[in-house]
Amino acid sequence: MKPRKPVVALAGNPNSGKSSLFNELTGLRQKVGNFPGVTVDKKTGITRVPGKGQTEEVVVVDLPGLYSIYPKSEDEKVVMDVLANPDHADFPDAVIVVADASNLSRNLLLFTEIADLGRPVVLALNMLDIAVSMQLEVNAVKLAMELGVPVVKINARNGEGLDRLKEAVAGVLEQPSPAVSFFNPSADLQPLLEEVSREYGIRNPYLALQYVCQHDHLSFLQAPARVRLDQLIEKHGFDEAAWLQHETIARYEAIHALTDKAVKSKGGTGQHPATAKLDKLLLHPFWGYVIFLAVLLLVFQALFSWAAYPMDLIDEATSQAISWTKEVLPTGLLNDLLTDGIMAGIGGVIIFIPQIGLLYALVGLLEESGYMARVMVIMDRIMRPYGLNGRSVVPLISGVACAVPAIMSARTISNRYERLVTIMATPMMACSARLPIYTILIALVVPDQKVLGVLNLQGLALLGLYLLGVAGAIFTAYLMTVFVKRNETGYLILELPTYKWPRWNHVGVMMYDSVRAFVVQAGKVIVAVSIILWVLAAYGPGDSQDRAEEQVREELTMVSDEALEAAVSSVRLETSYAGRIGQAMEPVIRPLGYDWKIGIALLASFAAREVFVGTMATIYSIGASDAEDESTIKERLRNEINPETGGPRYTPAVAMSLLVFYAFAMMCMSTLAAVYRETGGWKWPLIQLAYTMSLAWILSFAVYQLMN
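Numbered according to this note's numbering, the sequence shown spans residues 121 to 828.
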């Protein structure tokens, strides 16, 4: 059995630069999973620190950001589960506490709490440039002497000071030494702590206090242990609320005395002047929203204008590759499976790589700059009247990328009611899985032309769909306030970071990870579904396909070979298993303007929304003649004919109906699974599924009937 690598945990306040430091320490040697036993995201990576004669690898764990070890949300509970349990897989051998040097008093509260737990600690002072701009001078040597731990100045944005930080970590791993204690229990508390320490084998008195105060949150404690702790609390008459208030005041008094010695002010301090000026504009009750809409418009214009050329190249290259493969390989089952099934499915994935990558890059730039935090503040003004706390904006905005992690991020909302409302509303946001559907259908029916000489009409249409998702989320939240009783009120407490120039390497890593996740995770589903659909579309019950083909050949004796083959392909698809499934759905979807082929795509979309495009590519590849097989995905959809009217299948009415349907429909099994996991049962996922599908059908019906 290999020896366990040392584990170093990163802890810090939100916006202290903890995640930036994690990226600098680990680079691309990191992975994302879940903490054991819970669904809270865990980022781990490997870095190297100086050892005896050579460097050694240590595991770095990025803990959720928090202001104090006393949790207020689901993800914050993880921190004490890790720090208080020596048997935890991520129990750290040392902790790096990342502190914002420009607001040291607030950041040191978390440091003193973690240090009092008895773990070896290194204090990393970050954001010193901001402290300098605020005319603050932090004496790291004085701070280290007062705290009794290594204090290292770093710049997490550019990696400055990382070597010194690694040396400090190596030092505390080799020779752990306790920090100065800030915990001073009163005489009447000592008997309780001694009894808890004796019964649970705890040597650290502050850890014993956490068993007393947090035993309901510590997942590693079994029910009998929690009951026993309640008995001890009652026996000793411990008042938790009064003690926590007393402890916090005492800690801040000690911290202020310490910072008076180690931090000197050279003049007036406060918010950075440039940040203050920008906030007056970006947080303005009118201009703040105007600027936000302008930013959104720019993003969606970029998604169409900048990504169009590489998407067309990929589309054309895929079409040529399929055509070339058909010609090179012998005609037969293997050829059809490879080209019409696998390659058509892959084409439905890779064509959207430019747009997915560009979307995440632009979102990354907004996050890196500090602007996204301002968006949360101004959107809070809109969300609050509809029963949502400002922190609900974080999952809602995250839902633009993917609803699954967005729903999981709702754990940061301490109010249970607001967390439930947020979970129910988040899937309405237009996630990146909808982007392939939106772009392909918009390209079919919305002209590629300029408005006012600058704005692209297709970009405006895409912006409208995203705003429609926002409206759907707000409407859903409002319905929740009508039908679900609210027992408590939540508040928005959010620290606004200073504005910074984006770090291109971090944006690049975000873009790479997002594209990889789309290609690998969504791609596997899309390709698998494409292959299954090919099988369902290529075969039918008994000899029904052969009989249907024979009948067509008998009836169409006076047409060209090309027209005959197209008719044969179409009738074989119609009599296949997939065709019969689609025809069974047709009575329900026909009022929306859809035929059985679209029905197949709708059904397949439950695996993942973005499967729609790959499904249509597969279906139309199978149901097309050889000549049409060479066309691109866009052309296949554009050339599809409605046999009842003789006109195009994808009219503006049908396309708009589909766009509205996908804007509201809950067609994602992964999202349903996430809601089930977060709500602890099937009640809310099933309510959500029934509600969204009904709303999607009603609105799509209205759009089609009005436009047709």
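Glycine included, each C-beta is placed from N, C-alpha and C at the ideal position.
Nearest to A773 by alpha-carbon distance, out of G713, R758 and M813, is G713.
In terms of Cβ geometry, I761 and I462 do not form a close pair [threshold 8 Å]. Following the DSSP letters along the chain, one finds D182 in no alpha helix (DSSP H) but inside the beta strand (DSSP E) bounded by residues T175 to D182. P763 sits in coil when the DSSP states are folded into three classes, being neither helix nor strand. For the pair of segments examined, the stretch 223 to 236 was found not to touch the stretch 305 to 312: the number of CB pairs separated by less than 8 Å stays below three. Where N227 is concerned, the enclosing alpha helix (DSSP H) starts and stops at L224 to D236. For E280, the pairing in a beta bridge is given by DSSP as N275.
The residue from L285, A428 and I818 with its alpha-carbon nearest to that of V708 is I818.
In the three-state reduction of the DSSP assignment, A219 falls in the strand class, which pools E and B. Using a C-beta cut-off of 8 Å, the stretch 265 to 273 makes no contact with the stretch 200 to 208, since fewer than three inter-stretch Cβ pairs fall below that distance. Within the stretch 390 to 429, there are no complete beta strand (DSSP E) runs of at least 3 residues. Taking C-beta atoms as the reference points, P515 and T559 fail to come closer than 8 Å.
Comparing alpha-carbon positions, the option among I216, V199, N278 and I250 lying closest to A209 turns out to be V199. Between the stretch 276 to 295 and the stretch 138 to 146, the count of Cβ pairs shorter than 8 Å is three or higher; the stretches touch. When DSSP states are grouped into helix, strand and coil, V261 belongs to the helix group.
Around the Cβ of R673, a 10 Å sphere holds fewer than 16 other Cβ atoms; the residue is exposed. C-alpha of A698 to C-alpha of I557: approximately 21 Å in a straight line. Of the other Cβ atoms in all chains shown, fewer than 16 fall within 10 Å of the Cβ of L587; this residue is therefore exposed. Counting other Cβ atoms within 10 Å of its Cβ, H335 reaches 16 or more and is therefore classed as buried. If you check the CB distance, A214 and N227 do not come in under 8 Å. Closest in C-alpha terms to V261, from the list L245, E685 and Q255, comes L245. By the Cβ-count criterion, G702 is buried, with 16 or more other Cβ atoms from all chains shown falling within 10 Å of its own Cβ. Within the model, the alpha-carbon separation for P298 versus P134 is close to 26 Å. In the DSSP annotation of this structure, L243 is not part of any alpha helix (DSSP H); the continuous beta strand (DSSP E) holding it starts and ends at V241 to N246.
Of the candidates P430, A658, T546 and V691, the residue whose Cα lies closest to the Cα of Q808 is T546.
Relative to the Cα of A783, the nearest Cα in the group M265, V179, Q295 and C551 belongs to C551. Note that the stretch 395 to 413 touches the stretch 491 to 506; at least 3 beta-carbon pairs, one per stretch, sit closer than 8 Å. P430 and N223 have their alpha carbons spaced roughly 46 Å apart. The C-beta separation of R692 from A668 comes to about 7 Å, placing the pair in contact by the 8 Å criterion. In this structure, the straight-line span from the alpha carbon of T167 to that of K570 is close to 50 Å. Excluding the 5 residues flanking it on each side, L313 has same chain C-beta neighbours closer than 8 Å at P305, P325, A328, L329 and V332, in chain order. By the Cβ neighbour-count rule, Q825 is exposed, with fewer than 16 other Cβ atoms within 10 Å of its own. S489 is a Cβ neighbour of Y619, given a cutoff of 8 Å. Around the Cβ of D350, a 10 Å sphere holds fewer than 16 other Cβ atoms; the residue is exposed.
DSSP, reduced to helix, strand and coil, places L572 outside both helices and strands of the structure shown, so it counts as coil. Under DSSP, G132 shares a beta bridge with V218.
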